[in-house]
Every structure is written in C-alpha cells, then in structure tokens.
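Per this note's numbering, the very first residue in the sequence shown carries number 116; after that it's consecutive.
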Amino acid sequence: MYESQSCWHELWVARETLWEGFQTSVACSVLAIICGTLIGIVAGLVLTYGKFWMRLPFRLYVDLIRGTPVFVLVLACFYMAPALGWQISAFQAGVLGLTLFCGSHVAEIVRGALQAIPRGQMEASKAIGLTFHQALGYVLLPQALRQILPTWVNSSTEIVKASTLLSVIGVAELLLSTQQVIARTFMTLEFYLFAGLLFFIINYSIELLGRHIEKRVALP
C-alpha cells in the first residue's frame, strides 16, 4: 500500500516533466508524419509517372534513406546541418531526420498503390476527356488511398516509436523525460510502464484515425 501511494505521489510530482515530454513526442511525431507524408506523396507520384531524369533523384533519395537506420539519420541531421552552415535546434534536427525517413517509406507506399491500379483506368479517364491531373485526383488516387491507408498507419506508428531516438541528441521527449524522473525516484518499472501507456495512447489514436478515414473512403 505504501509503495502504491509513493508511486502515485512521485507521478504527481513529475507530472509537469512527463507532460512536457509527452507534448514534445506528439509534436515531433505529428510534424514528421505530416511533412513526411507530403514529401512521400510527391515522390511517389514522380516515381510512378515522372520521366527518367525526374525519377532518378527521388529513386536515390528513397533507396538511400530506406537503407539507413533512423538512429543514423537523426545523428546525421544533428551534426551535418551545422557543418553545412544551417543552424537548427536539436528538435528541428530530430524532426528533419524522422521526416526524411517517413517520406521515403510513404513514397514507396504511394508508388506501389498507384502501380497496382490497372492501366485501363487511366486510358478510360482519357477516353472521357479527363486531363492527367483530373484523372489522378478523381480516379486513381481515391482507389490508391484504400491500399495506402493500412500501410500508412503502420509507418506512422513506427515514426512515433522512432521519436524516442531523439533523446540521444538531447531532445526532452517522453523517453528522456521518463529517464530523468527515474534517475530521481529509482522507480524504473513503474515509470517505464507509464511511458509505455502514453506511447500506446498516441499510436492507438493514429490507428483510430486510420480506421475512420478507411470507413469514409470504403466502397458502399
């Protein structure tokens, strides 16, 4: 009973530290997912419909980033940006690394979904007078979206998990904040379990969002 009361007391004392860490984790994850998704959509479209000279740089980007561990990307963004004369904070460097990683995966998701659509769909769109952009917006992307969503949800949850790596460059996200509290209280199991619960809440929220969008775009 005493240990339980002590745990709740320490949790209450550390509430501001953990809340700030939670907010930082959410902020860097959301920014990386949004920016990475936008980059991935553009890259996926170019990889599918672009000419060779347009596809080449995006192909190099996707292959290089997908083959690089997130940990290395985060460190590279943190140390290489100042060397190149770009002064950014540790938070910005971390978000940049996660964004590049997310964008490369979304690009492959979009490319695969678009290439899975029969070519007859584009030919039929042209036959009824639709331009390329109209066919893309009204015919191809709505169909591809149904295939993209489940994999996009998985990639987004991976970004949330990867956000814990930002602690190595000094970003006070949830994991680092939890470790700081543990260093003071020595309640390792209790606070790691609590941090795990918070990460579960973030990822489950993303999953619910994905399910909601899937229902909206599902065929009747």
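A virtual CB, placed ideally from N, CA and C, is assigned to each residue, including glycine.
Of the residues Ala205, Thr293, Arg130 and Trp267, the one whose Cα lies closest to the Cα of Ile284 is Ala205. The beta-carbon separation of Thr272 and Ile224, rounded to 14 Å, does not stay under the 8 Å limit for a contact.
Comparing alpha-carbon positions, the option among Ala191, Val157, Ala310 and His220 lying closest to Glu288 turns out to be Ala310.
The three-state reading of DSSP puts Pro233 in coil, since its state is none of H, G, I, E or B. Under the 8 Å Cβ criterion, the region 297-311 counts as touching the region 125-137, having at least three qualifying pairs. The C-beta of Ala239 has fewer than 16 other C-beta atoms within 10 Å across all chains shown, which makes the residue exposed. Counted as a single uninterrupted DSSP element, the alpha helix (DSSP H) harbouring Leu160 occupies residues Arg130 to Tyr164. Within a 10 Å sphere around the beta-carbon of Val296 sit 16 or more other beta-carbons, which makes this residue buried. As the crow flies, the alpha-carbon of Thr152 is around 15 Å from that of Arg261. Comparing alpha carbon positions, the residue from Ile203, Ser292 and Ala147 closest to Leu126 is Ser292. For Ser271, the uninterrupted alpha helix (DSSP H) run begins and ends at Leu256 to Ala277, by DSSP. A distance of 8 Å or more separates the beta carbons of Ala222 and Ala259.
Distance from Leu188 to Gly159 at the Cβ level is roughly 20 Å; contact not present, criterion being Cβ atoms closer than 8 Å.
In this structure, the CA atom of Ser121 is about 25 Å from the CA atom of Gln138.
In the structure shown, Leu188 falls within a helical segment according to DSSP collapsed to helix, strand and coil. DSSP places Phe301 in the coil class of the three-state scheme, outside both helix and strand. By the neighbour-count criterion, in which 16 or more other beta carbons inside 10 Å mark a residue as buried, Arg226 falls on the buried side. The three-state secondary structure of Val210, taken from DSSP, is helix. DSSP places Leu171 in the helix class (H, G or I) of the three-state scheme.
Burial of His220 is indicated by the presence of at least 16 other C-beta atoms within 10 angstroms of its C-beta.
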